[in-house]
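In mature numbering (1 follows the signal peptide of the UniProt record, and there is no 0), the protein residues as written are -25 to -1, 1 to 262. Contents: one structure, followed by commentary.
Dropping the structure here:
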């Protein structure tokens, strides 16, 4: 009897472990609460619901803007401020080492791209090396946009789920204020398509130079291609469903990704869940 009771307790423990594996891996609000220098940006993420969208992603990079430059967001209309904040959320994990290993010009996909409101290149960022040793700068992927925000430092990191990096300024692409208003839920496509890495932008450019030139994408949700390069087109990035007139769903689940795109944290999580399930089945069979 005691043996069966112990087996039941072990099975319960394994099931709890399996459930915990799929619980929220991080909370961006709690992370930024530890750093008062980003309180304005942190408040904007919470007020607009972008923090919830971030927390429901498995891998994410947040380009945090310090209070001084972030205060300019308060003068923007609420919908524009929300778009700008979502543009500072990159849909992959990037720490300093990974960014510095990129080619000279690379295009990144942001959370704004998933809304279906980002026409042309508005939902993408360019990142490029600068003249300074190990220097990096970000800018809008809209052709002609400057690399206006320099990478300052790492604020926080939880490999390989969330990375928070400080940038020197708000990235303000031309045309973002004129983006269409959020559409009703039945007007937006489902966000069940895989989100792929954006292709690389053209080489060249520095902190004071314009972002690498890109050609127009074949579809509004496709990452822009670099001019002069013949890289294969990236998979389509579907827009996320909206609740009413909101820009983001309150609980956005990440779409499926290719097998090679799983983060280390995701692979470990699925491995633990599989192990827990297998052991649980074995225990039940023994009973």
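Built from N, CA and C at the ideal position, the CB exists for glycine as well.
Between residue i and the rest of its own chain, which residues show a CB-CB distance below 8 Å, the 5 nearest in sequence each way excluded?
{"i": "residue 132", "result": "70, 138, 139"}
{"i": "residue 142", "result": "38, 39, 40, 63, 113, 124, 125, 126, 127"}
{"i": "residue 146", "result": "38, 59, 62, 63, 100, 113, 114, 115, 123, 124"}
{"i": "residue 52", "result": "152"}
Please work out which residues of its chain come closer than 7 Å, Cβ to Cβ, to residue i, disregarding the five sequence neighbours upstream and downstream, and give them in chain order.
{"i": "residue 46", "result": "15"}
{"i": "residue 109", "result": "75"}
{"i": "residue 85", "result": "61, 62, 64, 65, 66, 98, 99, 100"}
{"i": "residue 2", "result": "30"}
{"i": "residue 10", "result": "130"}
Assuming the contact rule is C-beta atoms closer than 8 Å, residue i and residue j should be a hit. Round their C-beta distance to whole Å, please.
{"i": "residue 58", "j": "residue 87", "result": "6 Å"}
{"i": "residue 150", "j": "residue 97", "result": "6 Å"}
{"i": "residue 107", "j": "residue 34", "result": "Not a contact, Cβ separation roughly 28 Å."}
{"i": "residue 48", "j": "residue 77", "result": "Not really, about 27 Å apart at Cβ, beyond 8 Å."}
{"i": "residue 21", "j": "residue 4", "result": "6 Å"}
{"i": "residue 13", "j": "residue 42", "result": "7 Å"}
For residue i, which three-state DSSP category applies?
{"i": "residue 202", "result": "In this prediction, residue 202 scores a pLDDT of 42, lower than 50, which makes its location untrustworthy; no coordinate-derived value is stated."}
{"i": "residue 44", "result": "helix"}
{"i": "residue 71", "result": "helix"}
{"i": "residue 26", "result": "helix"}
{"i": "residue 217", "result": "Reliability of the predicted coordinates at residue 217 is poor, the pLDDT of 39 falling under 50, and no value is obtained from them."}
{"i": "residue 101", "result": "strand"}
{"i": "residue 86", "result": "helix"}
{"i": "residue 65", "result": "strand"}
{"i": "residue 209", "result": "With a pLDDT of 41 at residue 209, under the threshold of 50, the modelled position of this residue cannot be trusted; read the value that follows with caution. Three-state result, residue 209: coil."}
{"i": "residue 54", "result": "helix"}
So if DSSP puts residue i in a beta bridge, which residue, or which two residues, is it bridged to?
{"i": "residue 139", "result": "37, 131"}
{"i": "residue 113", "result": "102, 124"}
{"i": "residue 4", "result": "DSSP lists no partner for residue 4."}
{"i": "residue 119", "result": "Note: residue 119 sits in no beta bridge, so no partner."}
{"i": "residue 80", "result": "103"}
Quick one: residues in its chain with C-beta nearer than 6 Å to the C-beta of residue i, no 5 flanking neighbours on either side, listed in chain order?
{"i": "residue 17", "result": "7"}
{"i": "residue 55", "result": "152"}
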